[in-house]
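All remarks here apply to the structure that follows.
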Amino acid sequence: MSIFGYGYLRRVGREREGERQSAEQTLWEEKERAEVTLHSIGDAVITTDTEGRVMDMNVVAEALMGYARTEAVGRPLEDVFRIVQEGSHAHLDNPVRRVLEEGQVVRLANHTMLLTKDGQERAIEDSAAPIRDRQGVLLGVVLVFHDVTEKRRLIAELAHQATHDALTGLPNRVLFMDRLGHDRAQTLRHEHLLAVGILDLDGFKQVNDHFGHASGDALLQEMAQRLHREMRSGDTLARMGGDEFGLLLPDVGNLEQVEDACTRLLEVLRAPFYLGDEEIPLSSSIGLTSYPLDDSLPEDLLRHADLALYAAKAAGRDRYHWFDWPMDKLQQEAMEVRKMTENALDRGRLLLHYQPVVEIGNGPVGVEALIRLDHPERGLLPPAAFAAALDAPRLTRRIGCFVLATALTQTQTWHRQGMPLRISVNISAHHLLDQRFLSDLRAALDAHPDLPPSAVEIEITETAPLLDFAGARETLLACNRLGVRIALDDFGTGNASLTYLQKLPAQTIKIDQSFVRDIINDPKDYAIVSGVVTSARLLGLEVIAEGVETAEHAAMLGHLQCHCLQGYAIARPMAPEAIPGWIRQYKPLLYHGFSATPTPTGMISIHNQRVKRFIEALRHQTPFPSLVIEPEAEQQCHLGLWLQGEGRLQYGDDAAFYQQLLARHAHLHALAREAKALYDAGDGEGAEQKGAELERENQALNSLIITTH
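Residue numbering for the sequence shown follows full-length UniProt numbering, beginning at 1 and increasing consecutively.
Rendered as structure tokens:
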């Protein structure tokens with residue numbers, strides 16, 4: 001070999017040796033970074049091999065488990081990482097074993113407790129994940145977890161505070177109403193009686209006035225203890241407020257058992273109370289009602305017990321008194337309504353009308369079945385005229401089955417005629433929670449083989465989930481498995497929230513008309529509707545706005561990206577034979593100025609609708625819209641709220657331009673106040689002239705925003 005060849009080989013060797021050393025240095029640095037990271041992060045970290053043996057762990061894991069790293073490395077994870085279910089202490093599967101078997105991320109079960117080396121319990125959360133090389137070969141598992149003991153304690157404490165009275169420790173009104181709904185549902189299933197009572201101390205105000213509130217509180221605490229000792233394990237004693245206590249006695253066989261229990265409660269409260277050395281003689285009164293003899297909703301049962309309480313006090317106190325129907329004229333009327341409805345059901349005088357639901361730009365997508373009663377003397381009655389019967393336990397299933405059968409038969413006919421509409425059917429809480437509901441639904445679907453289940457939507461209010469959340473959720477999931485959609489009706493009118501909605505298997509929410517009706521006049525309703533639409537879309541839910549009464553409402557909802565509408569602006573409920581003709585003549589809603597973005601052009605359109613309404617009011621054509629002339633109008637009208645929020649974010653960087661927008665907006669309200677003052681003074685001509693000036697100024701504001709945008 002020549003000297004040149006030998007030199008070349010030596011140079012190549014040196015280069016390769018340098019590359020090897022560089023690679024080793026890189027690997028060492030990566031290892032150091034990984035170890036520093038492992039021991040610096042706040043979470044506990046354990047790594048295992050493919051046999052589930054501990055390979056490494058950080059100091060946080062050592063501290064949480066009580067095992068030193070040297071004790072744990074090389075041992076099966078189960079030896080040092082023992083987890084059980086909170087409360088039951090049932091053994092939980094090792095998440096690392098599941099990762100090794102399934103090859104994917106596994107989260108720890110809810111309410112997981114870690115048993116430490118010295119036997120303590122710590123609440124933990126998090127997950128285990130596979131470790132793979134570049135070729136995807138499984139190398140082991142990394143388990144990451146952290147201590148949430150204090151977090152769970154605080155959550156439990158806050159939950160208890162939200163549902164219990166701070167003075168006595170008893171359930172409060174919120175928990176009482178929750179249990180009332182639950183006990184009521186269970187009573188209907190098991191054919192027992194549920195007694196609902198209100199107990200009130202006689203003369204407690206005088207004790208408070210004479211001895212002071214601290215002494216009164218001490219007396220209430222002792223009173224609660226006495227009463228609680230007399231209650232059965234399944235009963236509920238709650239402090240409703242002041243010296244008023246709620247009673248729930250479920251699973252009683254007859255009214256005599258309730259009366260015996262109340263006699264004992266009255267007796268224990270007759271025994272003297274002592275404040276210091278002074279004896280305080282007291283008595284109490286109890287108002288009672290029982291379900292289902294009193295076939296009412298939870299709120300009405302409580303109201304009836306309250307009426308009976310006043311009757312007990314009026315009769316001399318120190319006694320119990322049962323609610324009876326003459327106490328409540330409305331209940332008598334409700335009984336008559338139930339009889340009328342049952343008679344109509346027997347005679348075939350119940351029928352369905354249908355109100356279309358349309359999608360902006362596309363046309364009809366479905367109809368809602370709405371029940372009617374054909375009265376021989378009063379004519380066609382809407383649901384409000386016999387609402388008391390629609391959720392009555394003895395009628396609800398019969399009515400529900402009638403509606404399902406009739407609506408599905410009609411919709412199948414439309415499908416055969418080439419009109420693939422979706423049918424929405426209202427189901428009462430009692431029918432939904434009835435154990436026979438799913439068989440009723442299956443029977444209705446099976447009887448209509450040409451109607452796909454996906455064309456059927458069950459509408460429920462939040463009443464059923466509030467009565468029995470677990471039962472309602474399971475039933476709704478079963479509906480989904482059948483292919484049937486779920487819609488939550490009247491959204492926004494009760495306690496339902498979007499967090500609550502996430503727990504229900506609903507595909508549609510229907511915004512209640514009480515919010516939709518006033519979105520032009522009331523910025524708060526506008527904000528509620530806007531927020532619901534945006535949040536629901538992020539959750540992947542369809543949104544339908546109910547109560548769309550004018551084209552202006554429809555246009556505004558379109559700007560808010562709510563494209564499915566229902567209401568008188570679209571169509572009134574109609575007989576089934578009228579639907580095909582209505583569909584043929586219907587023209588899709590296409591609004592001038594429609595924007596896919598709600599701001600700023602969408603907001604300007606909404607603002608212009610309000611200006612238009614104000615001008616029309618000056619001409620005696622419509623009522624004046626709210627938040628135009630009031631002192632706080634600039635900040636609280638639709639455009640004012642937008643300018644303080646999205647508008648500030650969009651234009652706030654240009655301070656001069658943003659201040660110009662605020663000034664022009666304030667000037668509009670000043671002109672409106674001047675116009676209204678002229679109107680109130682009887683100067684109609686002057687008011688209209690000022691209104692014309694207002695319109696010109698508004699056009700200038702429009703141009704300023706739109707041109708800049």
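We treat Cβ as the ideally placed atom computed from N, Cα and C, and that holds for glycine.
7 angstroms or more divides the Cβ of alanine 555 from the Cβ of valine 548.
Around the beta-carbon of glutamate 102, fewer than 16 other beta-carbon atoms lie within 10 Å, marking it exposed.
DSSP, reduced to helix, strand and coil, places threonine 48 within a strand of the structure shown. Non-local beta-carbon contacts of histidine 448 in its own chain, meaning distances under 7 angstroms to residues more than five positions away in sequence, involve Leu408, Thr409 and Gln412 in chain order. For serine 424, the enclosing beta strand (DSSP E) covers residues 422-426. For alanine 72, the closest of Ile46, Ala663 and Tyr568 by C-alpha to C-alpha distance is Ile46. For glycine 216, the closest C-alpha among the options Leu275, Leu269 and Glu459 is that of Leu275. For the segment 136-181, the full-length beta strand (DSSP E) segments reaching 3 residues or more read 138-147 along the chain. Considering only Ala681, Asp440 and His146, the residue with the shortest C-alpha distance to valine 60 is His146.
By a beta-carbon distance limit of 8 angstroms, alanine 675 contacts alanine 687. Their separation comes to about 5 angstroms. Here isoleucine 360 is near histidine 563, since their CB atoms are less than 7 angstroms apart. By the Cβ test, the segment 523-536 is not in contact with the segment 307-314, since fewer than three Cβ pairs between them sit closer than 8 angstroms. For the 7 angstroms CB-CB criterion, methionine 574 and histidine 353 form a contact.
In the structure shown, cysteine 564 falls within a strand segment according to DSSP collapsed to helix, strand and coil.
For the 7 angstroms CB-CB criterion, arginine 239 and threonine 163 do not form a contact. In the structure shown, threonine 508 adopts extended strand secondary structure according to DSSP, grouped into three states. Look at the segment 422-463 and you find these whole runs of beta strand (DSSP E), each 3 residues long or longer: 422-426 and 456-460. Excluding the 5 residues flanking it on each side, glycine 652 has same chain C-beta neighbours closer than 7 angstroms at Tyr658, in chain order. Among the bridge pairs identified by DSSP, isoleucine 131 is matched with Gly140. For lysine 510, the number of other beta carbons within 10 angstroms of its own is at least 16, and it is reported as buried. Taking a contact as a CB-CB distance under 8 angstroms, the pair alanine 128 and valine 174 does not count as one, their CB atoms being some 38 angstroms apart. Taking a cut-off of 8 angstroms on C-beta distances, the segment 296-309 does not touch the segment 258-265, as fewer than three cross pairs fall below it. The residue among Ala487, Leu193 and Tyr679 with its C-alpha nearest the C-alpha of glutamate 616 is Tyr679. Looking from the CA of asparagine 172, the closest CA among Asp183, Ala159 and Arg184 belongs to Ala159.
Taking 3 residues as the minimum length, the beta strand (DSSP E) runs contained wholly in the UniProt domain "GGDEF" (192-325) are 193-202, 236-241, 244-252, 273-275, 278-280, 283-291 and 320-322, in order along the chain. For histidine 353, the enclosing beta strand (DSSP E) starts and ends at 350-359. Beta-carbon to beta-carbon, valine 54 and valine 84 are separated by about 20 angstroms, too far to satisfy the 8 angstroms threshold. Excluding sequence positions up to five before and after leucine 476, its CB lies within less than 7 angstroms of the CB of Ile486, Leu504 and Pro505, all in the same chain and listed in chain order.
Between leucine 193 and glutamate 230, the C-beta gap is not smaller than 7 angstroms, which leaves the two residues out of contact. In the three-state reduction of the DSSP assignment, threonine 116 falls in the coil class.
In the DSSP assignment, histidine 89 falls outside any beta strand (DSSP E) and carries neither an H nor an E.
In the structure shown, phenylalanine 81 falls within a coil segment according to DSSP collapsed to helix, strand and coil. When DSSP assignments are scanned along the segment 532-565, the uninterrupted stretches of alpha helix (DSSP H) that are 4 or more residues long and fall wholly within it turn out to be 551-559. In this model, leucine 188 and aspartate 56 are separated by some 58 angstroms (Cα to Cα). Here phenylalanine 515 has Gly492, Asp525, Ile528 and Val529 as same chain residues with Cβ atoms under 6 angstroms from its own Cβ, once five neighbours each way along the sequence are excluded. Around the beta carbon of aspartate 93, fewer than 16 other beta carbons sit within 10 angstroms, so the residue counts as exposed.
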